[in-house]
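Peer 1:
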Amino acid sequence: MKIGRRRLLDAALILVGIGILFFLLQAPPATTPNLPANELHRPFWNTAILQGKKSAETSCQSCHNPDQVPFTADHPAGRRCLFCHRLPENQPAAP
């Protein structure tokens, strides 16, 4: 029985897809900590839920600045806090 080029191509694409899926499933777990689940950060949860993440991020610099709570030396520049620091899984519902 002769296997056609089309079937070989289909099999190759399926194997490539399985390989990519396997590679992606082997990714390491997230290493960036979540937004802390404490009373100090609770207003940011509500703002993020009700008005969106970008609205909540505008208030981060009120505490996270060189005078109060400075960033670590290896912290990337930029102000997209909730891009890396996710909201906790078990956050309370917004009022």
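So the sequence shown is residues 37 to 131, counted in our numbering.
For each residue, glycine too, the CB sits at the ideal point set by N, CA and C.
Could you round the C-beta distance between F80 and S95 to whole angstroms and report it? I think they count as a contact, below 8 Å.
Peer 2: Confirmed, about 6 Å.
Peer 1: Straight-line CA distance for A109 to L71?
Peer 2: So the alpha carbons of these two residues sit roughly 19 Å apart.
Peer 1: Would you kindly work out how many angstroms separate the C-alpha atoms of N101 and R115, rounded to a whole number?
Peer 2: Using only the alpha carbons, I get a separation of about 11 Å.
Peer 1: Any idea if A92 is buried or exposed, counting beta-carbon neighbours within 10 angstroms, 16 or more meaning buried?
Peer 2: Per the 10 Å Cβ criterion, buried.
Peer 1: What does the Cβ neighbour count give for A66, buried or exposed, with the cut at 16 atoms within 10 Å?
Peer 2: Classification of A66: exposed, given that the 10 Å Cβ count is below 16.
Peer 1: Using three-state DSSP, classify R41 as helix, strand or coil.
Peer 2: Three-state result, R41: helix.
Peer 1: With the cut-off set at 9 Å, would you say A84 and L118 are in Cβ contact?
Peer 2: The answer is yes: Cβ separation under 9 Å.
Peer 1: How would you write the range of the alpha helix (DSSP H) that P79 sits in, first residue to last?
Peer 2: Where P79 is concerned, the enclosing alpha helix (DSSP H) stretches over R78 to Q87.
Peer 1: Could you tell me how far apart the beta carbons of P69 and H121 are, in whole angstroms, since I believe they sit closer than 8 Å?
Peer 2: 7 Å between Cβ atoms; contact.
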